[in-house]
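**Student:** Take a look at the following structure, please.
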Amino acid sequence: MTDVLQVGGFVPFTTIDFPGRNAAVVFCQGCMWRCSYCQNKELQSFVDAGSNDERGGQNDERGGQNGEHKEMRPFVNAASNGEHNDVTLNVLKRPTWEYVLEKIYVRRNFLDGVVFSGGEPLAQNAIINAVQDVRNFGLQVGIHTSGAYPELLDDLVTCTNGKPLLDWVGLDIKTCFDEYDALTGAPGSEYLVTRSLDILLGSSVCFDCRTTVDPKYVSPEHVIKIARELRNKGVLVYKLQQCYDRERNPVYSPCFENEFAKQLQSLSARKF
Ligand code: SF4
């Protein structure tokens, strides 16, 4: 893997992917996990920026090298399943980091920060330099992570020169801890996520734990169990997210209008 961040997509402006901030979103290419419900499978493979296959071959969709960046419909981030604000209508697919950084620099006075999503941002060591690049513009930095890389997370939330490199982390809690390995298809993922959570709990960086509620994989009973597990760890706030399709529609909206929705709503008022 190169020292330069491999980018899978870029959203120049969002108001909801980095809580409380106007931000740009950088979708990082590559993820080691293979969650059964992943909606961003095109971001799973580790490919070179500017290529569209795993062999690194280039074609007309490449970005950054010929100045043409294919504009795509926005996709939903599987790692966060975040909704993107209506103004984020164009996603640049697979631009180079150099190209993205230039766009961020031009917009720096209109942005509070940049949030790295994926794929899995921490799957690339190059994320450290990319985060530093953004901070050099005076912008805040957030990350959406699955928790699969606790050591790199530790590096980013540990204070260097009196300040951590990250301002906020969104940690996905995909399911109950004892069902992690089955869902991610990666033995040992439960350990990695709990280690990442412990690191965040011991850091000074603000973070959210959130679960994307896809009724195919997450039941109200799962939500209750996850909430209890998080409470026992010391987490004070746990968020639930609707699951969206590529056209940004709630995939299981009928479910959220029926008994399932009522159960979830009743949970939101409960303390665990
Ligand atoms: S961690 Fe996120 S990007 Fe990776 S496979 Fe799972 S849902 Fe997809």
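The sequence shown begins at 95 in my numbering and counts up one residue at a time.
By construction, the Cβ of each residue, glycine as well, lies at the ideal position given by its N, Cα and C atoms.
#1: The alpha helix (DSSP H) that contains Gln335, what's its start and end?
#2: Please tell me whether, using a cut-off of 6 Å, the distance from the CB of Cys125 to the nearest non-hydrogen atom of the ligand SF4 is below it.
#3: Report the residue from Ile237, Lys197, Gly212, Val200 whose alpha carbon sits nearest the alpha carbon of Gln100.
#4: Kindly confirm or deny that the segment 223-232 and the segment 130-143 touch, where touching means at least three C-beta pairs closer than 8 Å.
#5: With a threshold of 6 Å (Cβ to nearest heavy atom), would Asn134 be considered close to the ligand SF4?
#6: What's the C-alpha gap between Arg149 and Gly124?
#7: Can you tell me the Cα-Cα spacing of His238 and Val209, whole angstroms?
#8: Count the CB pairs spanning the segment 301-310 and the segment 276-286 that are closer than 8 Å, and state whether there are at least three.
#9: If you reduce the DSSP assignment to three classes, tell me which class Pro244 lands in.
#10: Start and end of the alpha helix (DSSP H) containing Val317?
#11: Taking only runs that begin and end inside the segment 188-216, name each unbroken beta strand (DSSP E) of 3 or more residues, in chain order.
#12: Kindly indicate which three-state DSSP category Asp399 falls into: helix, strand or coil?
#13: Could you tell me if the beta carbon of Val337 falls within a distance shorter than 6 Å of some heavy atom in the ligand SF4?
#14: Locate the alpha helix (DSSP H) running through Asp261, then write down its first and last residues.
#15: Can you have a look at Ser139 and say buried or exposed, based on whether 16 or more other CB atoms are within 10 angstroms of its CB?
#16: Name the DSSP bridge partner or partners of Ile110?
#17: My output table needs one value for Val228: the three-state DSSP class, helix, strand or coil.
#18: Using 6 Å as the cut-off, classify the Cβ of Cys303 as near or not near the heavy atoms of the ligand SF4, replying yes or no.
#19: To the nearest angstrom, how far is the alpha carbon of Leu137 from that of Lys187?
#20: Leaving out five residues before and five after Leu260 in sequence, what residues of the same chain have Cβ atoms less than 8 Å from its Cβ?
#21: What is the DSSP secondary structure of Thr254, counted as helix, strand or coil?
#22: Report whether the distance from the Cβ of Cys270 to the nearest heavy atom of the ligand SF4 is below 6 Å.
#23: Provide the residue(s) that pair with Ile237 in DSSP beta bridges, ordered along the chain.
**Tutor:** The short version:
#1: Locating residue 335 in the sequence shown gives position 241, counting from the first residue. Premise fails: Gln335 lies in the beta strand (DSSP E), 332-336, not in any alpha helix (DSSP H).
#2: By 1-based counting over the sequence shown, the position of residue 125 is 31. It does: the Cβ of Cys125 is within 6 Å (strictly closer) of some heavy atom of the ligand SF4.
#3: Residue numbering aside, residue 100 sits at position 6 when the sequence shown is read from its first letter. Cα-wise, what sits closest to Gln100 is Gly212.
#4: no
#5: As a first step, residue 134 must be located in the sequence shown, where it is residue number 40. Yes, the Cβ of Asn134 comes within 6 Å of a heavy atom of the ligand SF4.
#6: Indexing the sequence shown from 1 puts residue 149 at position 55. Indexing the sequence shown from 1 puts residue 124 at position 30. With a pLDDT of only 28 at Arg149, under 50, the local geometry of the prediction cannot be trusted, and no value is derived from it.
#7: What you label residue 238 is simply residue 144 of the sequence shown in a count that begins at 1. What you label residue 209 is simply residue 115 of the sequence shown in a count that begins at 1. Using only the alpha carbons, I get a separation of about 7 Å.
#8: no
#9: Within the sequence shown, numbered from 1, the residue matching residue 244 stands at position 150. Helix.
#10: To locate residue 317, count along the sequence shown from 1; it is residue 223. Start and end: 314-327.
#11: 207-211
#12: Nothing can be reported for residue 399, as the shown portion of the chain is limited to 95 through 366.
#13: For the purposes of this step, residue 337 is identified with residue 243 of the sequence shown, where counting begins at 1. According to the sequence as given, residue 337 is Cys; it is not Val. No, the beta carbon of Cys337 sits no closer than 6 Å to any heavy atom of the ligand SF4.
#14: Here residue 261 corresponds to residue number 167 of the sequence shown, with the count starting at 1. Careful: Asp261 lies outside any alpha helix (DSSP H) and carries neither H nor E.
#15: As a first step, residue 139 is located in the sequence shown; it is residue number 45 there, counting from the start. It is exposed - the Cβ of Ser139 has fewer than 16 other Cβ atoms within 10 Å.
#16: For this step, residue 110 is matched to residue 16 along the sequence shown. Paired residue(s): none; Ile110 is not in a bridge.
#17: To locate residue 228, count along the sequence shown from 1; it is residue 134. Three-state result, Val228: helix.
#18: Stepping through the sequence shown from its first residue, residue 303 is reached at position 209. No.
#19: Looking up residue 137 in the sequence shown gives position 43. Looking up residue 187 in the sequence shown gives position 93. Each residue's Cα considered, the two are about 10 Å apart.
#20: Residue 260 sits at position 166 when you count from the first residue of the sequence shown. Counting only Cβ-Cβ distances below 8 Å, and skipping sequence neighbours, we find Val225, Val235, Gly236, Ile237, Leu250, Val251, Val299.
#21: The residue given as residue 254 occupies position 160 in the sequence shown. Residue state, collapsed to three classes: strand.
#22: Position 176 of the sequence shown, counted from the first residue, corresponds to residue 270. Result no, Cβ not under 6 Å from the ligand SF4.
#23: Counting from one through the sequence shown, the residue named residue 237 turns up at place 143. According to DSSP, which records beta bridges pairwise, Ile237 is partnered with Phe210, Val263.
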